[in-house]
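Take 1 as the starting number for the sequence shown in the UniProt record's numbering and just add one per residue. Written below as structure tokens is the structure these notes are about.
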Amino acid sequence: MSEHVVQSPLPGVFYTRPAPDKEPFVEVGSVVSADTTVGLVEVMKQFAEVKAGASGTVTRIHAENESIIGPGDGILTIEKG
């Protein structure tokens, strides 16, 4: 099996959940498909969905909720398969 690191498409604030009172999009152990939303990046009050980009199981989450990330920064790792 191989790993896929989901990277931020742009700089901004990363959110692991759709709203403060909602559950996270994914957690370690979540099974995702390529089009699963795994988080949001906010830039100037605009929100961009971050998609998994691969099918598999989330094995590690690199970015914390409300952390500042740059383009290409690792958000989470998926074990493909």
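Don't be surprised by glycine CBs; every beta carbon is placed ideally from N, CA and C.
Three-state secondary structure (DSSP) of residue i
i     : result
Ala48 : strand
Gly29 : coil
Lys22 : coil
Glu64 : coil
Gly74 : strand
Thr16 : coil
Thr36 : coil
Pair within 7 Å by beta-carbon distance, residue i and residue j
i     : j     : result
Ala54 : Ile75 : no
Leu25 : Gly39 : Checking the sequence, you will find Phe at residue 25 rather than Leu. Going by C-beta atoms, Phe25 is nearer than 7 Å to Gly39.
His4  : Lys80 : yes
Thr37 : Glu49 : yes
Beta bridge counterpart(s) of residue i as assigned by DSSP
i     : result
Leu10 : Note: Leu10 sits in no beta bridge, so no partner.
Thr57 : Val31 and Glu79
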